[in-house]
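All remarks here apply to the structure that follows.
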Amino acid sequence: MAASSFPLPDTDWDATRAFWAGAERGELVIPRCGGCAAYQWYPAPACKACGGKQFSWTAVSGRGRLFSWAVVRHGFLKPFAKKVPYVTGLVTLEEAPAVRLVTNLVDCEADGLQVDMPVRVVFRPLVFPDTERQVMAPMFTPASEPVAGKERNARDV
Numbered sequence: 071m072a073a074s075s076f077p078l079p080d081t082d083w084d085a086t087r088a089f090w091a092g093a094e095r096g097e098l099v100i101p102r103c104g105g106c107a108a109y110q111w112y113p114a115p116a117c118k119a120c121g122g123k124q125f126s127w128t129a130v131s132g133r134g135r136l137f138s139w140a141v142v143r144h145g146f147l148k149p150f151a152k153k154v155p156y157v158t159g160l161v162t163l164e165e166a167p168a169v170r171l172v173t174n175l176v177d178c179e180a181d182g183l184q185v186d187m188p189v190r191v192v193f194r195p196l197v198f199p200d201t202e203r204q205v206m207a208p209m210f211t212p213a214s215e216p217v218a219g220k221e222r223n224a225r226d227v
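Heads up: the sequence shown begins at 71 in our numbering, then just goes up one per residue.
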């Protein structure tokens, strides 16, 4: 394997190893507090809800809603310059609307995206031209079926 000139995610870092292993299996897994059952992202030593310190990595449905997005048209780093334009998004999970994942949005046109639209996870390799290494990553695409969940109101927009 050739040395990478671009830093792909560190799949061996203790804090996120289970996340990347889940993605490799085609599973979206998120830390869940053993004390209060709250999901938490990004992994932290203590639960944001109750202060608990015991977590288990729990598979979630991969369904969610689009909270926000941006179209990247200028690659500030050389490897990204070869990938523009692309769409990044902030997705809330069906099981845990307070959890928001930063992700790529794929298989869609940016003009068709809407706040609160249903999305679902897909797994794709992160590939950059300057490296042979790939990392399987969760990305999201518009969902054809409605996502169960919250009632929408003005403060959610």
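Just so it is clear, CB atoms sit at the ideal spot from N, CA and C, and this is done for glycine as well. Predicted, not measured: the structure shown is a model, and the values here were computed from it.
Taking 4 residues as the minimum length, the alpha helix (DSSP H) runs contained wholly in the region 140-202 are 148-151, in order along the chain.
With a beta-carbon spacing of about 7 Å, glycine 92 and tryptophan 127 fall inside the 8 Å limit used to define contacts. In this structure, glycine 134 keeps its C-beta atom at 8 Å or more from the C-beta atom of leucine 175. Looking at the DSSP output, tyrosine 109 sits in a beta bridge with Arg102. Contact holds between the region 146-160 and the region 183-201, because three or more Cβ pairs, one in each stretch, are under 8 Å apart.
The straight-line gap separating the alpha-carbon atoms of tryptophan 83 and proline 113 is approximately 11 Å. Below 8 Å, too few C-beta pairs join the region 148-156 and the region 118-132 to call them touching: fewer than three.
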